[in-house]
Amino acid sequence: MKDPKKDNAPADRGPVFTKEMRATHTILVPDMLPVHFKLLIGVLNNYGYHLELLQNGGQAVKDRGLESVHNDTCYPALLVVGQFLDALDSGRYDPDKVALVITQTGGGCRASNYIHLLRKAMKKAYPQVPIISLNFTGLEKCEGFQITPPILLKLLYCVLYGDLLLSLYNQTRPYETEKGGAERVLDACVERLLKAFRSGSFLRYGHWCRELLKAFAALPRTGEKKPKVGIVGEIYVKYSPLANNHLEDFLLAEGCEPVLPGLLDFCLYCIVNGIVDGELYDFKNARTRLSRLGYRIILRMQKKMNRLIRRQGVFEPLHEFDELRKEADKLLNQGVKMGEGWLIPAEMGLLCRTGAENVVITQPFGCLPNHIVAKGMMRRVKECYPNANLVAVDYDPGATRVNLENRIKLMLSNIRRPKSPAEEGGAAGERAAGEKSKPEEAAGGTLPKAAAQTAPPPAEASAPEREECAEAAAGRERGQI
Amino acid sequence: MSNEQRHYELGVDVGSTTVKCALLEGDQVIWSRYERHFSRVRETVRQQLETVFSSFPGKYRLAMTGSAGLGLSEQAGLPFVQEVFSASLAVRALYPDADCAVELGGEDAKILFLTHGIEQRMNGSCAGGTGAFLDQMATLLKVSTEELDRLAEGAEKKYPIASRCGVFAKSDIQPLLNQGARKEDIAASIFQAVVDQTVSGLAQGRKIEGKVLFLGGPLSFLKSLRKAFTDTLKLSPEQAVFPTLGPLFMAYGAALYAGANAPLLSGEDLLEKLDRAAPSGFAGRGEPLFESEEDYQAFCDRHRQADLRRRPLKDYAGEAFLGVDAGSTTTKLVLVSEAGELLYDYYGDNLGRPLDVVADQLKQIYAQAGPGLRIASSAVTGYGEDLIKNGLRLDSGVVETVAHFLAARSFCPEVDFIIDIGGQDIKCFKIKNGAVDSIMLNEACSSGCGSFLQTFASALGLSIAEFSALGLFARHPVELGSRCTVFMNSSVKQAQKEGAGVDDISAGLSVSVVKNAIYKVIRARSPKELGKNVVVQGGTFLNDAVLRAFEREMGREVLRPACAGLMGALGAALYAKEHRPARSSLMGATELESFGYRSRAVNCQGCTARCLLTVLSFTDGRKLISGNRCERGGGGEAKALPDLYEWKNRRLRELRQPPGEKIRVGIPMVLNFYEQLPLWNAFFEDLGMTTVLSPPSSRELYARGQHTIPSDTVCYPAKLVHGHVLSLMPEVDFLFYPCESYNLDEGKTANHYNCPVVAYYPELLKANVEGLADKLVAPYLDLNRPAHVARRMAECLKKYGVTKKEAERALEKGFQALEDYHAALRAEGQRMIAEARARDLPIIVLLGRPYHPDPEINHSIDKLINSLGAAVLSEDAVFTLADPPDLKVLNQWTYHARMYRAAAFAATQPDMEVVQLVSFGCGIDAITSDEIRSVMEGAGRLYTQLKIDEVSNLGAARIRLRSLLAAVGRG
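Those protein sequence lines, which keep their order, are chains A and B.
With the first sequence counted from 1, adding 1047 to any position gets you my numbering.
With the second sequence counted from 1, adding 728 to any position gets you my numbering.
This is the structure:
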């Protein structure tokens, strides 16, 4: 990857966030990953910043976005800009004492331009508000807001702990006997972790992983088995409840267990892209070497977390990034690195392989990379995992909840049931009769009953199919990379 | 058995337009009903249930299904089953040997694949091809759906009609109607469009074959639709099954589901539950349009002030001026006196026969006029301009924007902003220094706003005026968002679900039309940007609810002339008055008596574009050809004006090599190959291989690959790739199509990416085109690193004995060829500029991508520009002449960086104008277009954008280009 030529980036960056502003300004953070961001904000606030997570939503946010950015721009940009403007309009903040922060990942997708679209919109409405780019690629530097190595280290731990919390929370909530129990544990864990970040004990990685596992395992569980539904997609829509109409809650209400892959995978994806570029385009530089080192260390931490999860034996482990890469090799080249790139199909594949063959693919309407990596890869994923039950959902300010939920419900109604003997024989009349004879059996649960009847059977492709995939993957490696 | 012990299964399918009910005892359907609900969902369901309960006393297991059933069942606490799932239950029960089922409903379309891996699909939120689409199209043709069905039986040929979404189809059909194409042919084309949509949009790569069931209302009732399906899918009568239960399948499935899953309840209990599903009353959040009758009265009085003086036609003697506005759905006509008084006016539907309507009105005028009247000059504007002007020999034609401006100025000399919302288009323009400055038209995606009100009104059995008036005093107008009408449809559905009344919906739709105009078409950040003196016009503004909503949103009072619907015609009349010929050529009364015509459709043989022409033969022997994009098709000689797009196409096609006994390398002529072809052609030639190019793009080629397109919202240039690749596969030893994250680094930018679609399309092809993976050589290349490219190419061509050394040498040749091509392109650009200047031609620099010269992508826009008397240049010929301008966004895509620089260059050249070509669905252009606009406007220049898609309707493009040339005094 070539370093961006900084002198050619847009010159006009509006007001700068200065060191002095740390004391006077509140930095607003858009709502994307509630759990992770709470930790992250806590950490940064220990360094003298004052960050605040925005949680305003509703039609006003969409309307402000529509007014302020080109309507064909992706939904995340529209929502982030709309959420900032709506917050400033609310009167809760003094516009002279507020700054905004937004992440900037870089890359060939439109997302690298979100910050510039935000600046354009702000220039019209609140020209005095400084806008900070949170990036790790040196796209923009900001004097008053710097990610120093100690902060970076803590952010890494935020992501690790955040991923674990999110996963445990999602694995607990569907089965809690007392409503709100999982949330209570989550909040308590966040508090404890924030203290640990203040005291420095956050570095006791194994200890904290075990503590979090213990805390969630202590909650009584119903013992039901619910079908797992994975969520993949464009990163903002995938995680942000504002963007995906509270998809996790919806799936939960439909009697499913939502499975949300972690944020660390996306971070590693970004790091690995530099390495893969080097391999594909035959170059090496200081950055690729540094990336390799960072990659190895972080991957080791991810694996350690999973070892601890397995040892405890209560919860399913998280995805491991090297497994995701193997999965990607079956489906496409890892050179597809714009947007969420190859990570999306890889996550689909790994979800299928780990018992969540039902997957919602979330994406903003008209998302460019997702033409390739989401809708474009569904067929390929199904070739490798014939039981994959996928639905791609386009989020958009004009799309109604009812329409989107209807599409997801279609996917849910396809959740695999074991074949009854009647069905095997193809005699459908018998089958209908068979169904009628066992209504009591299906009476529990809120899910479309047919789906709730049994837990999903093992999801892996049968042996010959697997071979076919492996062969295809090998073919890719051999000839065409 | 006593009645109390009788048990029934009841399935209720509540769709977007109908309620279907099926009552089962055992597995026998003993009662069913199919009924339109006209948005009165709960009431209709209740009525049907009451009938069931009184006729078949007993206990029931009930389940609901259908898009509108979801909300209702949730509120009522009744079991719900997803409609596709219920359909599959029914299919499995009744036709266990079916391979596939196609179900078309009111607003949904679904496919169930039942064998070889069960799959169920339904249409996305941006898809037409459904019952509602057919209703809309029937309305457009002024027939009922049944008549549409009958008409199609008499078809002689089919026109290509965009099948993706109703709005697109409309813009294909309207010009056909205006050109006088036969209704029978259009009807058949509409049904074909539905089939294409289903096959490409839903099946997405899976073939529909074997025993196929066709379900749902439209497929049960419309014979022509059935025929179109069986013909297209090549199904034998045994394979295509149209069950008598077709429309009831989902209700039947729901009943089966109910039998297994629903609790047994009494009729009273069920009705009670249904009644409990009272409207939540949450839907309406908007402010009422008018607080009181007095408010409304004051509003009406204010607007009554702007009006024309009238004078009876029969009393007038002297010169008069005729203006005609042949709009897309309506025809408007006025006759004004020397002093500007209105002598005669007409506003009515064009009935799909605009020429007849105008001829009739002209006869009326001649019949009513006094002896002293002389029509001294006449002019026509609007979509049907050519047709009317030639058919009835009017003196001049004028572009709509200019006509509207002339009319608005006669009411408000200070006017600085005009907005016209017609049946199908929104036109807005700013006026600066007495000329039309910037024009905003609705692009294909959001068009149809006025006619959307119309369609919705007729769905409720009301006229548009009645429907709109309902909203005047609505207490809680619903909020429907401001996007394309297809989305609005589902918003309306949602509002109904939440219990909104028709009045609230009507008011909400009026507000949406306005919001759509302001935020989507004009894209005003705040209404204040628009101007101080705003004149509104067009038929849609005759509805007070729309006008009020507009004033609300603007926060200021605007001027609506009482003849708001006639402004285009009035403007044409004023134009006629200003451009008075020595003697008017308008057809006289006697000649009119014998006036008649016949229309016929043919394909032009002039060039590869093979435009579909409509030929009108008049009774007096004249002929009019329309639908042509260049002079050649119109019967004239092609005028050779500088056209760099043409040059590029020719130059690239000349690279084709003679076939021989060599290894054949397939190169699809798509996307970045439009630039890199010289490189790879020379490269493979040097290696002793021969390149085989895919045939020129065409609609047929597109159709060939359509079934392998996984994402129907990707841009048209990308969708075309599939056809190219499929046509090459059998012809070649291997296909070469590299993935390129990075494009050429041409400096002065933050980065040099390709757009994600261009960069990785081969990956998508590999995953979706059967059998391609074995034939595709798709290495990842970064052309800025020649050593790496050579190494990679040698690796992937090892099988053909290519060594690294050979690859290096060939690549050197390749890069040289690319450089030569670029140099030749720039030199030709300079030559054309010089020629244009010598001939005093205005120059239009098209800002697009290297692949935009493909005539199937740009719909021969270059020829259109030439026919308007301007030279055509492309961005890549001139961008090196200027540095990148100051931008507010990240300049990181190579092709887009060229556009910025070309714009910066053109802005310094007084005789150059820029026109940006934007492919529909290009997300990156959402960013670049705003920037290029500000580059141009910052230099005090005009910015024009043309959105292009698979729809080959150049109507909007023509208006923009003509207005642009008119604004710079070259029109």
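Where is the CB? At the ideal position from N, CA and C, for every residue including glycine.
Which word fits Thr1735/B, buried or exposed, when buried means at least 16 other C-beta atoms lie within 10 angstroms of its C-beta? Any property of residue 1735/B remains undetermined from this structure, which presents chain B solely from 729 to 1699.
Excluding five sequence neighbours on each side, which residues of the same chain lie with their C-beta closer than 6 Å to the C-beta of Ala1439/A? On the first sequence, residue 1439/A is found 392 positions in, with the first residue counted as 1. Closer than 6 Å at Cβ, skipping near neighbours: Ile1408, Ala1421 and Lys1422.
Taking Tyr788/B as part of the beta strand (DSSP E), name the residues at either end of that continuous run. Looking up residue 788/B in the second sequence gives position 60. It spans Lys787 to Thr793 - the beta strand (DSSP E) in which Tyr788/B sits, taken as one unbroken run.
Contact list for the region 1483-1496 of chain B against chain A, Cβ threshold 8 Å: Cys1483, Pro1484, Val1485, Ala1487, Tyr1488, Tyr1489, Glu1491, Leu1492, Lys1494, Ala1495 and Asn1496
If we count the other Cβ atoms within 10 Å of its Cβ and call it buried at 16 or more, is Asp1348/B buried or exposed? The residue labelled residue 1348/B in the question sits at position 620 within the second sequence. Exposed.
Taking 8 Å as the CB-CB limit, is Val1663/B close to chain A? As a working note, residue 1663/B is residue 935 in the second sequence. Answer no: the Cβ-Cβ gap between Val1663/B and chain A never drops below 8 Å.
By the 10 Å Cβ neighbour count, where 16 or more other Cβ atoms means buried, how is Thr1441/B classified, buried or exposed? By one-based count along the second sequence, residue 1441/B stands at place 713. Classification of Thr1441/B: buried, given that the 10 Å Cβ count is 16 or more.
Which listed residue (Leu738/B, Ala826/B and Val747/B) has its alpha carbon closest to that of Leu998/B: Residue 998/B sits at position 270 when you count from the first residue of the second sequence. That would be Leu738/B, whose Cα lies nearest to the Cα of Leu998/B.
Count Cβ pairs between the region 1428-1443 of chain A and the region 1452-1467 of chain B that sit closer than 8 Å; are there 3 or more? no
Closest to Gly859/B by C-alpha separation, out of Ser948/B, Thr1342/B and Asn1409/B, would be which residue? On the second sequence, position 131 is the one that residue 859/B refers to. Considering only alpha carbons, the answer is Ser948/B.
Work out the CA separation of Phe1133/B and Arg1690/B for me, nearest whole Å. Within the second sequence, the letter at position 962 stands for residue 1690/B. Within the second sequence, the letter at position 405 stands for residue 1133/B. Going by the C-alpha atoms only, they are around 14 Å apart.
What in chain C is Cβ-close to Met1068/A, meaning under 8 Å? Among the protein chains of the structure shown, namely A and B, there is no chain C.
Residues bridged to Phe1077/B (per DSSP): Along the second sequence, read from residue 1 onward, the residue named residue 1077/B stands at position 349. The question names Phe, but residue 1077/B in the sequence shown is Asp. Answer is Thr1058/B, bridged to Asp1077/B.
Anything in the region 1144-1159 of chain A with a Cβ closer than 7 Å to a Cβ of chain B? List those residues in chain order, please. Gly1155, Cys1156, Arg1157 and Ser1159
Which residues in chain B sit within 7 Å of Arg1531/A, going by Cβ to Cβ distance? A question about residue 1531/A goes unanswered here, because the residues of chain A that appear run from 1048 up to 1528.
To which residues of the same chain is Arg1525/A closer than 7 Å at the C-beta, ignoring the five residues directly before and after it? Counted from its first residue, the first sequence places residue 1525/A at position 478. Residue confidence for Arg1525/A is low, a pLDDT of 38 falling below 50, so the modelled location carries little weight and cannot support an answer.
Compare the C-beta of Thr1672/B with all C-beta atoms of chain A and state if any pair is closer than 8 Å. Locating residue 1672/B in the second sequence gives position 944, where the first residue counts as 1. Not closer than 8 Å to any Cβ of chain A, the Cβ of Thr1672/B fails to qualify, so no.
Return the Cβ separation of Ala1566/B and Ala1290/B in integer angstroms, given the expectation that the two are a contact with Cβ distance under 8 Å. For the purposes of this step, residue 1566/B is taken as residue 838 along the second sequence, with counting starting at 1. For the purposes of this step, residue 1290/B is taken as residue 562 along the second sequence, with counting starting at 1. No, Ala1566/B and Ala1290/B are not in contact; Cβ-Cβ is about 51 Å, not under 8 Å.
Give a yes or no on whether the minimum CB-CB distance between Met850/B and chain A is below 8 Å. Working through the second sequence from its first residue, we reach residue 850/B at position 122. So, interface residue.
Contacting residues, own chain, Cβ-Cβ under 6 Å from Lys1091/B (five flanking each side not counted): Within the second sequence, residue 1091/B is the residue found at index 363, counting from 1. Closer than 6 Å at the Cβ level, and outside the excluded window around Lys1091/B, lie Leu1320.
CB contact below 8 Å: Ser1647/B versus chain A: One-based indexing of the second sequence puts residue 1647/B at position 919. With 8 Å as the cut-off, Ser1647/B does not count as an interface residue toward chain A.
Which bits of chain A does Glu1207/B rub up against, with CB to CB less than 7 Å? Here residue 1207/B refers to the residue found at position 479 when the second sequence is read from its first residue. The answer, in chain order, is Gln1106.
Count the other C-beta atoms from every protein chain shown that fall within 10 angstroms of the C-beta of Leu1294/B, then say buried if there are 16 or more, exposed otherwise. On the second sequence, position 566 is the one that residue 1294/B refers to. Leu1294/B comes out buried.
For Leu1472/B and Thr1622/B, believed in contact at Cβ under 8 Å, the rounded distance: Looking up residue 1622/B in the second sequence gives position 894. Looking up residue 1472/B in the second sequence gives position 744. Going by Cβ atoms, the distance from Thr1622/B to Leu1472/B rounds to 6 Å, so yes, they are a contact pair.
For the beta strand (DSSP E) containing Asp1023/B, list its first residue and its last residue. Against the second sequence, residue 1023/B aligns to sequence position 295. Unbroken run through Asp1023/B is the alpha helix (DSSP H), Glu1021 to Arg1032; no beta strand (DSSP E).
Can we say the region 1301-1310 of chain A touches the region 1263-1280 of chain A, given the rule of at least three CB pairs closer than 8 Å? yes
So, for Arg789/B: in the same chain, excluding its five sequence neighbours on each side, which residues have a beta-carbon less than 6 Å away from its beta-carbon? As a first step, residue 789/B is located in the second sequence; it is residue number 61 there, counting from the start. Same-chain partners within the cutoff: Glu737, Ala986, Gly987, Ala990 and Leu992.
Closer than 7 Å by C-beta to Tyr1122/A: which residues in its own chain qualify, once you throw out the five before and the five after it? Chain order, please. Against the first sequence, residue 1122/A aligns to sequence position 75. Hits under 7 Å: Val1284, Ala1290, Pro1411, Phe1412, Tyr1442, Asp1443 and Pro1444.
Can Ala1245/B and Gly1199/B be called in contact, C-beta distance under 8 Å? Along the second sequence, read from residue 1 onward, the residue named residue 1245/B stands at position 517. Along the second sequence, read from residue 1 onward, the residue named residue 1199/B stands at position 471. No, these two residues do not count as a Cβ contact at 8 Å.
Closest Cβ-Cβ distance between Pro1285/A and chain B: below 8 Å? The residue you call residue 1285/A lines up with position 238 of the first sequence. Note that residue 1285/A is Lys in the sequence shown here, rather than Pro. Not an interface residue.
If I measure Cβ to Cβ from Ala956/B and keep anything under 6 Å in the same chain, skipping five residues before and after, which residues do I get? In the second sequence, residue 956/B corresponds to position 228, counting from 1. Counting only Cβ-Cβ distances below 6 Å, and skipping sequence neighbours, we find Phe919, Gln920 and Val923.
Out of Ile1652/B, Ala1048/B, Phe1412/B and Ile1437/B, state which residue places its alpha-carbon closest to the alpha-carbon of Asn1160/A. The residue given as residue 1160/A occupies position 113 in the first sequence. Checked all of Ile1652/B, Ala1048/B, Phe1412/B and Ile1437/B; the closest Cα to Asn1160/A is Ile1652/B.
Residues in its own chain within less than 8 Å of Glu1523/B by CB, not counting five upstream and five downstream? Here residue 1523/B corresponds to residue number 795 of the second sequence, with the count starting at 1. Correct list, in chain order: Pro1507.
Applying the criterion that 16 or more other CB atoms from any shown protein chain within 10 Å of the CB defines a buried residue, is Asp1611/B buried or exposed? Against the second sequence, residue 1611/B aligns to sequence position 883. Asp1611/B should be labelled exposed.
Quick check on Arg1276/B - is its C-beta less than 8 Å from some C-beta in chain A? Your numbering for residue 1276/B matches position 548 in the second sequence. No, no contact with chain A.
Leu1259/A and Leu1311/A: beta carbons closer than 8 Å? Residue 1259/A sits at position 212 when you count from the first residue of the first sequence. Residue 1311/A sits at position 264 when you count from the first residue of the first sequence. Cβ atoms of Leu1259/A and Leu1311/A: not closer than 8 Å.
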